[in-house]
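Residue numbers for the sequence shown, in my numbering: 27 to 541.
Yeah, the Cβ is synthetic: ideal placement off N, Cα and C, and Gly gets one too.
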Amino acid sequence: MSSQPSSRNDASAGEATATLIAALDRTLATVVAKASARTSQGKDIDAHQPQAERVAYFATEVRTAKALADYAAGEGSAEPYVADMALAFAAEVASKAAGQLDAHADDLGLVPSSIDEMLLTPAVRAAIRAGMSDGRITAIGRHQLETRGVNNSPLEEIAAMARDAVRQFASTEVAPIAEHIHRHDDLVPDSLIAKMGELGYFGMAVPEAYGGGGMGNLVMIVTTEELSAVSLAAAGSLITRPDTGSDVASLTCRAEPAERDGKKGWVVNGAKAWCTFAGRANVLALLARTDPNPKQGAKGLSLFIVPKDTFPGHAFEMRQPSGGSLTGKADATPGYRGMHSFTLMFENYFVPGENLVGEAGGVNKGFYLQMAGFAAGRLQTGGRATGLAQAALQRTCEYANDRKQFGKPIGQYGLTQYKLGRMATHIAAARQLTYAAARAMDADETIALEPAMAKLFASDVAVWVTQEGQQLHGGWGYAEEFPISRYVVDATVLPIFEGVKPILELKVIARNLLG
Ligand SMILES: Cc1cc2nc3c(=O)[nH]c(=O)nc-3n(C[C@H](O)[C@H](O)[C@H](O)COP(=O)(O)OP(=O)(O)OC[C@H]3O[C@@H](n4cnc5c(N)ncnc54)[C@H](O)[C@@H]3O)c2cc1C
């Protein structure tokens, strides 16, 4: 088996990738079956959390390797070095899995020698060596330097047109203000929101029958990527979503039936932390406890659309003529600036009855109504993370071409090329996983697993790639003058919001796989 880089979709790389994917598939099936049995079909995950987390992450990596391999063998086959990236990524997943399974064989209930039979066959070992060879990965890196890391991956026609148009919009309308918004913790300007609204960027994936753009999730993701590459905070959030923190059952904000000025509705009391864009917004989506019995947990929650006035700045206070109040104070954050995330306090705040989602039928159904919103938000975050990582790759390629040390550009050093090769490979993998999740959601909007995996993996890639990019910038990577310093702090929010990483792994992915 050749370890030479191919630059095109050559048969030997494709065959080696297929060998790896087949081995990963059978290994994952065994590992999931063992973990499922250990956790009583997922009911007992909490007694085996580290194991469940490991299985969830391994399954995510296997799905990612398959998404990139499918793309390399099909739609993306004309993309230079795509076959090398698919092989390199699958090889890295297999190599890591071999070490992890061996180290944790006792916990998983695996006989260590069985790892050789199901995963580390001679053909797989050869494919790992070929895929992870320095020559292959540095060649991918050199190609990135030559093309300055720009992403022109083949796409279906409408998505490709959307990418070109949004890339142009982002560079003329968002790029000039992105750095200022970050450094001054400004609010994203109304004029930008208005332009994005006119272009139909909000609600793109929502069917036309419900007032959306009806463009589907893939176009929404491609749009998100391009906007996030320029500013994660100012332009990358195309859909809003109420979130709840991990422990929904402990949510204390409560709503009680009330009547004000002859109008039936609800009175809300309590605090809500981390409500992004709550100052500028004129409505908030709020999950509040409508069943006072705390034992009802998530079953006692309802979803409200809470009307409010719009406020600029980092704090606001709204008083209703009937006596209720809503105050908000933005929590200062190192990154993800531009929308401001508020801690809110509701005191006897009146919400009209028609603002309960689902009206009478929506009482105590809020959490379930909310579930679909979680999946859509996670899918979009896969796109946000991919776009941000892509921006870091491009800025780093430009810097590595320009910066000279010890008499030549740092991009001419093998280690720089190797690092850029791995960065580009992981971004391609995150992108194809997210696109596959978008297509899967178009086919079935009720799915939860695929968007959660896309969010989990792409967020980790964004954190790692931005930090690698920062190191390749040396001291200038820490200077605000270079956007890579903003990308690093922006990226760190990605594994936290929309479901913090351990909760996503245990309560969404592991539950889905082991149940
Ligand atoms: C900038 C920013 C913007 C945000 N915007 C919004 C927004 O607009 N709307 C909104 O509603 N929310 C928003 N959030 C909140 C975000 O979604 C939550 O912070 C996130 O879901 C994590 O919940 P938590 O803070 O309750 O973390 P916790 O639940 O306290 O988790 C912290 C850690 O505890 C551990 N842990 C917790 N539970 C378990 C368990 N059962 N088993 C094992 N380990 C566990 C994990 O290691 C976890 O990482 C935002 C957050 C940030 C930082």
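Proximity test, residue i beta-carbon vs ligand 1 heavy atom, cut-off 7 angstroms
| i | result |
| --- | --- |
| Leu-258 | no |
| Cys-279 | no |
| Ile-522 | yes |
| Pro-268 | yes |
| Gln-77 | no |
| Ile-529 | yes |
| Tyr-362 | yes |
| Trp-300 | yes |
| Asp-273 | yes |
| Val-13 | A query on residue 13 cannot be resolved here, the shown segment of the chain reaching from 27 to 541 and no further. |
| Val-108 | no |
| Leu-540 | no |
| Thr-359 | yes |
| Leu-532 | yes |
| Ser-367 | yes |
| Gly-525 | yes |
| Val-519 | yes |
CB-CB length for residue i against residue j, believed under 8 angstroms
| i | j | result |
| --- | --- | --- |
| Arg-52 | Met-144 | 5 angstroms |
| Ala-5 | Thr-43 | No information on residue 5 is available, as it lies outside the stretch 27 to 541 that the chain covers here. |
| Val-274 | Leu-310 | Wrong, their Cβ atoms sit about 17 angstroms apart, outside the cutoff. |
| Ile-535 | Ala-82 | 4 angstroms |
| Gly-354 | Gly-305 | 6 angstroms |
| Asn-374 | Gly-349 | 6 angstroms |
| Asp-128 | Ile-166 | The Cβ separation is near 28 angstroms, so there is no contact. |
| Ala-116 | Ile-163 | Actually they do not touch by this definition, with Cβ atoms about 13 angstroms apart. |
| Leu-329 | Cys-279 | Contact flag wrong, Cβ pair sits at about 12 angstroms. |
| Val-245 | Ile-184 | 6 angstroms |
Where the alpha helix (DSSP H) through residue i begins and ends
| i | result |
| --- | --- |
| Trp-490 | 475–498 |
| Arg-315 | That residue, Arg-315, is in no alpha helix (DSSP H); its beta strand (DSSP E) goes 309–315. |
| Gly-440 | 440–469 |
| Ala-573 | Nothing can be reported for residue 573, as the shown portion of the chain is limited to 27 through 541. |
| Gln-126 | 108–129 |
| Met-222 | 216–224 |
| Ala-153 | 148–157 |
| Val-274 | That residue, Val-274, is in no alpha helix (DSSP H); it is neither H nor E in DSSP. |
| Gly-40 | 37–64 |
| Val-200 | First-last for Val-200: undefined, no H or E at that position. |
| Asp-142 | 138–144 |
| Asn-538 | 537–540 |
| Asp-516 | 510–517 |
N-terminal and C-terminal residue of the beta strand (DSSP E) that residue i is part of
| i | result |
| --- | --- |
| Glu-252 | Where Glu-252 is concerned, there is no enclosing beta strand (DSSP E), although the alpha helix (DSSP H) it sits in stretches over 243–256. |
| Lys-92 | First-last for Lys-92: 75–99, but that is the alpha helix (DSSP H), not the beta strand (DSSP E). |
| Phe-368 | 367–378 |
| Cys-301 | 289–302 |
| Ala-505 | Element bounds for Ala-505: n/a, residue is neither H nor E. |
| Ala-284 | 280–286 |
Residue i at chain C interface by Cβ criterion, 8 angstroms
| i | result |
| --- | --- |
| Arg-512 | No chain C appears in this structure, which consists of one protein chain only. |
TODO: Kindly confirm or deny that the region 98–108 and the region 469–476 touch, where touching means at least three C-beta pairs closer than 8 angstroms.
DONE: Because the criterion of three Cβ pairs below 8 angstroms is not met, the region 98–108 and the region 469–476 do not touch.
Open item on the list: Quick check: the region 436–445 against the region 492–509, are at least 3 beta-carbon pairs closer than 8 angstroms?
Closed with: Touching, yes.
Open item on the list: In chain order, what are the residue ranges of uninterrupted beta strand (DSSP E) at least 3 long that sit wholly in the region 313–351?
Closed with: DSSP runs (the beta strand (DSSP E)) wholly in the region 313–351: 327–333 and 341–345.
TODO: Scan the region 162–196 and note each continuous alpha helix (DSSP H) run of 4 residues or more that stays entirely inside, going in chain order.
DONE: Positions of the alpha helix (DSSP H) runs, each at least 4 residues long and wholly inside the region 162–196, are given as 183–195 in order along the chain.
Task: Cβ pair count under 8 angstroms reaching 3, the region 518–526 against the region 213–228 - done: Because the criterion of three Cβ pairs below 8 angstroms is not met, the region 518–526 and the region 213–228 do not touch.
Task: Segment contact flag, the region 173–185 with the region 138–154, C-beta cutoff 8 angstroms, min 3 pairs - done: Cβ pair count under 8 angstroms is below three, so no.
Task: Cβ contact (3+ pairs, closer than 8 angstroms) linking the region 389–408 and the region 472–484 - done: Taking a cut-off of 8 angstroms for Cβ pairs, the region 389–408 and the region 472–484 touch, as three or more such pairs fall below it.
Open item on the list: Counting beta carbon pairs with one atom in the region 240–248 and one in the region 341–354, are three or more of them shorter than 8 angstroms?
Closed with: Flag = no, the region 341–354 and the region 240–248 do not touch.
- [ ] Evaluate the contact criterion for the region 374–388 versus the region 451–467: three or more CB pairs, one atom per stretch, below 8 angstroms.
- [x] Contact between the region 374–388 and the region 451–467 is not established, with fewer than three Cβ pairs separated by less than 8 angstroms.
TODO: Determine, using beta-carbon pairs with one atom in the region 284–301 and one in the region 417–436, whether at least three such pairs fall under 8 angstroms.
DONE: Because the criterion of three Cβ pairs below 8 angstroms is not met, the region 284–301 and the region 417–436 do not touch.
TODO: Could you say if the region 187–201 and the region 246–262 meet the contact criterion of at least three C-beta pairs nearer than 8 angstroms?
DONE: The region 187–201 and the region 246–262 touch, with no fewer than 3 CB-CB distances between them shorter than 8 angstroms.
Open item on the list: Taking contact to mean 3 or more Cβ pairs, one atom from each stretch, closer than 8 angstroms, check whether the region 406–415 and the region 322–339 are in contact.
Closed with: Contact between the region 406–415 and the region 322–339 is absent, because fewer than three Cβ pairs lie under 8 angstroms.
- [ ] Count the CB pairs spanning the region 364–382 and the region 329–340 that are closer than 8 angstroms, and state whether there are at least three.
- [x] With the cut-off at 8 angstroms, the region 364–382 and the region 329–340 touch.
Open item on the list: Assess contact between the region 178–194 and the region 72–82, defined as three or more Cβ pairs (one per stretch) separated by less than 8 angstroms. Is contact present?
Closed with: Too few Cβ pairs lie closer than 8 angstroms, so no.
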